[in-house]
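First up is the structure itself, then whatever we jot down about it.
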Amino acid sequence: MIVSDLKDLNTPSGDRIDRLVAEHRPGHGLARAFYHDQDIYERDLERVFRRHWHCVAHESVIPNANDFEVFRMADEQVILTRHADGSIHAILNVCRHRGAEVCTKDKGNARVFVCPYHAWTYGNDGALRAARLMPKEFKREDHGLKKLHVRVVEGLVFVSFAKTPLDFTEVEHLLRATCGQYGWANAKVAHRESYPVDANWKLAVENYVECYHCGPAHPEYSQTHALEQPLHMIEAMNAEMEQRTCSLGIEVGSGNHWQTSEGGKEAIHAFRYALYEGVKSGSEDGGAVAPLMGRFTDFDGGVTSIHLGGTTFLVCYPDHGMIYRFIPKTAGTCEMELIWLVDGKAEAGRDYDLDRLTWLWKVTTDEDKAIIEHTSRGVRSHYFEPGPIAPMEQNELRYIDWYLDEISRA
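Sequential numbering of the sequence shown, starting at 1, is according to my numbering.
Here you go:
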């Protein structure tokens, strides 16, 4: 039976969405409306995007006092700034007078932002400094730029749009036990690459969280990463990897705190898996691509993977790291941003070759973009009917169930 999109114009959009959630078949993928319906996309923004924490950058992108960069997420523009005292702020690029963009450059260094419309002037912490020709009773302190909640953990900058953000304690502890061991607080950004994707953001995330497709779709990744096999088949390899890690005097944390927002806490899951024998890092030939980071004095032949808050995913190798950001754009489009991290003292051309550093995940992401867009075109078909989730897609199944719970929760 084909599940309809429930586009009854006489039915409130909330009722339509709730009915579609109720009709979801357990153990199966999402119905087609979840990937193109505008009302569902708006609810995604309300109950997932504006409820959960998002990693926007590594703090090394704004290294100096008064540095700033603008990040575009869905319909929002967030100015990430480093104040003169070193503190990091995330402020919305919306003037409190008439709504004009107060920052018209993508990045730079500025102590203040002057609105080009009526010259209201804001400090880079968001405070309103001057509002020309306003009456005496006008209170500048009531009209600063709206600010987002910010957390900086192991060099990673997270923001939340929520009025009361989800508790970040478990996330912070697990990031220190994982990224902290890899020295991410002292890392720097070696490269950033953005991939526009002609698909709903959930299709991109669902693709990322499962490796059922890795064997047929990612031959390069599958030559070096054992996750392309079912988990029960790599248990011995994973155990040997952990022994190597322990022999280096390092204990990398792991933990499954993937939970809905009902309890007021953010979701995070950190797990580890082995590279194939002789493989050191995520590269074309499996060899090292950059100097060792953090507490690592040798390679342990393993990878640490972190899923966080629904849109942020992290990958840790002993010699470099990856931040994967998924950014909704419209109901039918999104963006994937990849950020490569290396040790803060490493120099391009001397300590690492940029092409070699980025090769594997560029190739893999090019392949993912093509796969996701193939799928997006397919699920637009009126006759698309979601099939059963395979055993190797256990993380996708978990993500779908989590997502449906989130959009059902007002």
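Every residue, glycine too, gets a C-beta built ideally from N, C-alpha and C.
Exercise. Looking at C-beta atoms only, is the number of pairs between the stretch 188-202 and the stretch 230-243 that lie closer than 8 Å three or more?
Worked result: no
For this session: Would you kindly check if the distance between the Cβ of P291 and the Cβ of D355 is under 7 Å?
Result: no
For this session: Take D44 and list the residues in its own chain whose beta-carbon comes closer than 8 Å to its own, dropping the five residues that flank it on each side.
Result: W201, K202, P328, I407
Exercise. DSSP three-state call for E284: helix, strand or coil?
Worked result: coil
Exercise. Do you know how far the Cα of P135 is from the Cα of A119?
Worked result: 15 Å
Problem set entry | Pairwise C-alpha distance: R111 and I400 | 44 Å
For this session: Could you check what DSSP says for P328 in three-state terms: helix, strand or coil?
Result: strand
Exercise. Going straight from the alpha carbon of D18 to that of H213, what length do you get?
Worked result: 31 Å
Exercise. Thinking C-alpha only, which one of N109, L308, G344, R129 is nearest V48?
Worked result: L308
For this session: Quick one: which unbroken beta strand (DSSP E) runs of 3-plus residues sit fully inside the stretch 215-263? Chain order, please.
Result: 255-257
Exercise. Between the C-alpha atoms of T365 and H225, what's the straight-line distance to the nearest angstrom?
Worked result: 15 Å
For this session: Just confirm the distance between the C-beta atoms of A131 and H143, as a whole number of angstroms; I'd bet it's less than 8 Å.
Result: 7 Å
For this session: Per DSSP, which residues does R274 bridge with? Please list them.
Result: First, the residue type needs correcting, since residue 274 is Ala and not Arg in the sequence shown. In DSSP, A274 forms a bridge with G302.
For this session: Excluding the 5 residues preceding and the 5 following W359 in the sequence, name in chain order all residues of the same chain whose CB lies nearer than 6 Å to its CB.
Result: E284
Problem set entry | Inter-residue Cα distance where the pair is G263 and E101 | 36 Å
For this session: In angstroms with no decimal places, state the Cα-to-Cα distance between P116 and V157.
Result: 28 Å
Problem set entry | Rounded separation between K7 and I389 - CA only | Confidence at K7 is low in this model, with a pLDDT of 47, below 50, so its placement is unreliable and no value can be given for it.
For this session: Please classify K107: does DSSP put it in a helix, a strand, or coil?
Result: strand
Problem set entry | Cβ contact (3+ pairs, closer than 8 Å) linking the stretch 67-85 and the stretch 22-37 | no
For this session: Tell me whether the beta-carbon of G183 lies closer than 7 Å to the beta-carbon of M293.
Result: yes
For this session: Evaluate the contact criterion for the stretch 165-176 versus the stretch 58-70: three or more CB pairs, one atom per stretch, below 8 Å.
Result: no
For this session: Kindly indicate the opening and closing residues of the alpha helix (DSSP H) around K202.
Result: 201-209
Exercise. What are the boundary residues of the alpha helix (DSSP H) that includes G123?
Worked result: First-last for G123: 121-123, but that is the beta strand (DSSP E), not the alpha helix (DSSP H).
Problem set entry | For M392 and M1, the rounded distance between their alpha carbons | Any reading at M1 needs caution, since the residue's pLDDT is 27, under 50, leaving its predicted position unreliable; the model's value is listed next. Those two C-alpha atoms are separated by around 26 Å.
For this session: To the nearest angstrom, report how far apart L128 and T104 are at their CA atoms.
Result: 17 Å
For this session: Inspect the CB distances between the stretch 340-350 and the stretch 296-311 and report whether three or more fall short of 8 Å.
Result: no
Exercise. From T312 to V56, what does the alpha carbon distance come to, in whole angstroms?
Worked result: 9 Å
For this session: For C55, write down the residues that DSSP places opposite it in a beta bridge.
Result: F158
Exercise. Is D368 buried or exposed, if buried means 16 or more other CB atoms sit within 10 Å of its CB?
Worked result: buried
Problem set entry | Paired residues, beta bridge with E193 - DSSP | L338
Exercise. How long is the line joining the alpha carbons of A177 and L30, rounded to whole angstroms?
Worked result: 34 Å
For this session: Could you tell me if the beta carbon of N395 falls within a distance shorter than 6 Å of some heavy atom in the ligand ADP?
Result: Ligands are entirely absent from the displayed structure, and the ligand ADP is therefore not among its contents.
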